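Enquirer: I'd like to ask you about the structure that follows.
Residue numbers (this note's numbering): 329 to 573.
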């Protein structure tokens with residue numbers, strides 16, 4: 329599904345993602361690739377409604393669901409909360425993810441998905457096998473701070489912006505200068521190999537969200553290169569004065 333595809337504009341002009349270039353590049357790569365870019369006005373993408381296993385991309389939703397818990401959202405975070413949440417997204421810790429999922433339950437994730445307006449999200453007994461699509465992930469990330477109680481928004485955004493250096497590949501390697509980046513990646517090897525990223529780019533009041541979901545890559549290194557190549561083409565022309573349309 330090609331939602332929109334326009335060439336990158338000149339400096340300072342109205343900006344749209346170069347989905348055509350990203351689609352052409354994707355056709356040269358092994359595996360299956362879907363992606364979406366969302367602005368305040370439009371959704372662009374290719375196969376943006378293809379569902380895939382979430383892998384660790386789900387940890388951003390786990391973070392938000394935890395902070396929305398009734399006995400968490402109405403109080404200051406304690407040391408135990410911070411010790412649980414810091415490794416969840418910054419280091420993509422699976423033990424922390426399982427603990428958080430056990431606290432919020434699949435019901436908490438479904439409530440969050442409904443609040444966001446997701447159409448495809450489906451939880452699984454093994455949290456990394458939960459089903460997501462690129463369109464839903466851009467909907468979540470475009471205003472991810474709004475889905476967290478106000479008192480915890482700064483903490484959530486700090487965690488999503490401070491991913492450890494060893495996991496800052498793909499989108500993080502082609503972040504446009506001057507744009508803040510908040511993101512989460514997910515990956516897994518074997519017959520169900522996946523390499524995913526979902527992100528928010530923010531500069532002042534301007535926001536662009538991106539989700540790139542890949543399956544069937546021959547290796548994690550290959551998948552990371554695919555993420556970078558797709559992201560570089562989608563974000564082409566997004567300079568400091570660009571106005572996303």
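Every residue, glycine too, gets a C-beta built ideally from N, C-alpha and C. Note that the structure is predicted; figures quoted are calculated from it, not measured.
Consult DSSP for residue 455 and reduce its assignment to one of helix, strand or coil.
Expert: By one-based count along the chain shown, residue 455 stands at place 127. Helix, per DSSP.
Enquirer: For the 8 Å Cβ check, are there 3 or more pairs between the stretch 358 to 375 and the stretch 465 to 473?
Expert: They touch, by the three-pair rule.
Enquirer: Beta carbon of residue 343, beta carbon of residue 565: below 8 Å?
Expert: Residue numbering aside, residue 343 sits at position 15 when the chain shown is read from its first letter. Residue numbering aside, residue 565 sits at position 237 when the chain shown is read from its first letter. For residue 343 and residue 565, yes; Cβs fall inside 8 Å.
Enquirer: Who are the Cβ neighbours of residue 385 in its own chain at under 6 Å, not counting the five residues just before and after it?
Expert: Taking the chain shown and counting its residues from 1, one reaches residue 385 at position 57. Same-chain partners within the cutoff: 512, 514, 524 and 526.
Enquirer: Just to confirm the assignment: which complete beta strand (DSSP E) runs, minimum length 3, are found wholly within the stretch 347 to 408?
Expert: Here the runs fully enclosed are 360 to 366 and 371 to 374.
Enquirer: Alpha carbon to alpha carbon, how far is residue 480 from residue 395?
Expert: Against the chain shown, residue 480 aligns to sequence position 152. Against the chain shown, residue 395 aligns to sequence position 67. Rounded to whole angstroms, residue 480 to residue 395 spans 7 Å at the Cα level.
Enquirer: Within the same chain, show all residues whose beta-carbon is closer than 7 Å to that of residue 560, passing over the 5 residues directly before and after it, in chain order.
Expert: Residue 560 sits at position 232 when you count from the first residue of the chain shown. 502.
Enquirer: What residue from 423, 456 and 471 has the CA that sits closest to residue 445's CA?
Expert: The residue labelled residue 445 in the question sits at position 117 within the chain shown. Among 423, 456 and 471, the Cα nearest to that of residue 445 is on 471.
Enquirer: Taking one C-beta from the stretch 415 to 432 and one from the stretch 343 to 353 each time, how about it: are there three or more such pairs within less than 8 Å?
Expert: Result no; under three Cβ-Cβ pairs closer than 8 Å.
Enquirer: What number of angstroms, rounded off, separates the C-alpha of residue 368 from the C-alpha of residue 482?
Expert: In the chain shown, residue 368 corresponds to position 40, counting from 1. In the chain shown, residue 482 corresponds to position 154, counting from 1. Cα to Cα, the separation comes out at about 21 Å.
Enquirer: Would you kindly work out how many angstroms separate the C-alpha atoms of residue 529 and residue 486, rounded to a whole number?
Expert: Here residue 529 corresponds to residue number 201 of the chain shown, with the count starting at 1. Here residue 486 corresponds to residue number 158 of the chain shown, with the count starting at 1. Residue 529 and residue 486: Cα-Cα distance of roughly 14 Å.
Enquirer: Does the beta-carbon distance from residue 508 to residue 545 come in below 8 Å?
Expert: As a working mapping, residue 508 is identified with position 180 in the chain shown. As a working mapping, residue 545 is identified with position 217 in the chain shown. Cβ atoms of residue 508 and residue 545: not closer than 8 Å.
Enquirer: Quick one: is residue 403 buried, meaning 16 or more other Cβ sit within 10 Å of its Cβ, or exposed?
Expert: One-based indexing of the chain shown puts residue 403 at position 75. Exposed.
Enquirer: Where does residue 437 sit, in a helix, a strand or coil, going by DSSP?
Expert: Counted from its first residue, the chain shown places residue 437 at position 109. In the structure shown, residue 437 sits in a helix (DSSP, three-state: H, G or I).
Enquirer: Are residue 538 and residue 365 close, meaning C-beta to C-beta below 8 Å?
Expert: Here residue 538 refers to the residue found at position 210 when the chain shown is read from its first residue. Here residue 365 refers to the residue found at position 37 when the chain shown is read from its first residue. Yes, the Cβ-Cβ distance between residue 538 and residue 365 is below 8 Å.
Enquirer: According to DSSP, simplified to helix, strand and coil, what is residue 538?
Expert: Against the chain shown, residue 538 aligns to sequence position 210. Residue 538: strand per DSSP, three-state reduction.
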